[in-house]
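This report concerns only the one structure given below.
There are 2 protein chains.
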Amino acid sequence: MTEHSLWRFSRALHRAINERHTDDLAAVIDDNVEWAVFGPIDMFPFLGTRRGKDEVLDVCRQIADNVRVHRFERESMMLGDESGAAMMRYSLTALDSNRPISLRLAQFASFKNGLLTSMRVVVDTFDLVEQTLGHPIHLPKIA
Amino acid sequence: MTEHSLWRFSRALHRAINERHTDDLAAVIDDNVEWAVFGPIDMFPFLGTRRGKDEVLDVCRQIADNVRVHRFERESMMLGDESGAAMMRYSLTALDSNRPISLRLAQFASFKNGLLTSMRVVVDTFDLVEQTLGHPIHLPKIA
Chain Z
1 MTEHSLWRFS
11 RALHRAINER
21 HTDDLAAVID
31 DNVEWAVFGP
41 IDMFPFLGTR
51 RGKDEVLDVC
61 RQIADNVRVH
71 RFERESMMLG
81 DESGAAMMRY
91 SLTALDSNRP
101 ISLRLAQFAS
111 FKNGLLTSMR
121 VVVDTFDLVE
131 QTLGHPIHLP
141 KIA
Chain X
144 MTEHSLWRFS
154 RALHRAINER
164 HTDDLAAVID
174 DNVEWAVFGP
184 IDMFPFLGTR
194 RGKDEVLDVC
204 RQIADNVRVH
214 RFERESMMLG
224 DESGAAMMRY
234 SLTALDSNRP
244 ISLRLAQFAS
254 FKNGLLTSMR
264 VVVDTFDLVE
274 QTLGHPIHLP
284 KIA
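Taken in sequence, the protein lines are chains Z and X. All letters in the first sequence, in the order written, are residues 1 to 143 by the numbering used here. All letters in the second sequence, in the order written, are residues 144 to 286 by the numbering used here.
Here is the structure:
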């Protein structure tokens, strides 16, 4: 039984972020990959949409400039033949402030012949913003 | 071929929200369901974790007090035998302000004998907060 493409991609991504080594990542991404991590791009320019392998490798280098991954845990998980979805909790460090960040996100990945063709990620962005700022944002109660 | 439990749950949930009719929803939820919609509960008291059918029905009534669902689209989708994950985009109206809200979220659902036993939802919460406030929150650029 061969390893699922999602595990290979995930390992290559974490290596690209923590070791700034993108060769493994380049080997598991389709040339025409579609990539979207939804979130406030004014604050985090490395979020947003990218198209094609070069743009995705470039944005992963930008992510590597900004965070280090300490731990991650998959809280929910589904695997298909050439797809995978996971709800994950990451423990990160923001490199500029040296601040710990605990991040929850959901990723949906599609593969073709083992190569990533699509990645879409939803992040609990308000929590991310508050942790990055280092203080809560005052919100009115609406309900 | 019988309908997937996720479709039946989804239809019952939308009916509960838009028509304030929770009988269908009660019929598809396990007594010991675990429920978590991650987000700022100070602003949105109907987010957060709930446990058991009564608490989940109650929180769905609170959601119904606050929003109406106009449209939803599943942008990514995975189905297992007794599980399902979806990345969705909702068009809502916030009832107190009559303001339109466009919301992206990811849901992971598990079922047992057709009944919902677990639901975990990640929401693009910063976008939700800004739309609910009706104005952008100023953010510094960090990268």
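For glycine and all other residues, C-beta sits at the position ideal for the given N, C-alpha and C.
Apart from the 5 residues on each side of it in sequence, A106(Z) sits with its Cβ closer than 6 Å to the Cβ of M87, V122 in its chain, given in chain order.
When DSSP reads this structure, V67(Z) sits in a beta bridge with A94(Z).
Straight through space, the alpha carbons of L128(Z) and I101(Z) are spaced by roughly 7 Å. Taking 9 Å as the cut-off between beta carbons, the residues of the stretch 257–277 of chain X near chain Z are S261, R263, V264, V265, V266, D267, T268, F269, D270, L271, V272, E273, T275, L276, in sequence order. For G182(X), the nearest beta carbon of chain Z is closer than 8 Å to its own beta carbon. Secondary structure of R242(X) (DSSP, three-state): strand. In this structure, the beta-carbon distance from A36(Z) to D24(Z) does not fall below 8 Å.
Among the bridge pairs identified by DSSP, T49(Z) is matched with A36(Z). For the C-beta of E75(Z), the chain X residues within less than 7 Å are, from N- to C-terminus, R263. Annotation for R8(Z): no beta strand (DSSP E) segment contains it, though the alpha helix (DSSP H) segment containing it runs 5–19. Apart from the 5 residues on each side of it in sequence, A16(Z) sits with its Cβ closer than 6 Å to the Cβ of T22, L25, C60 in its chain, given in chain order. Under a criterion of Cβ atoms nearer than 8 Å, the residues of chain Z adjacent to K284(X) are, in order, D42, M43, P45.
Listed in chain order, the non-local C-beta contacts of F152(X) below 6 Å within the same chain comprise V171, L259, local neighbours out to five positions each way being set aside. Residue nearest to M186(X) within the set I206(X), M262(X), M220(X), Y233(X) is I206(X) (criterion: CA-CA distance). For the pair P45(Z) and D224(X), the Cα-to-Cα distance works out to about 39 Å.
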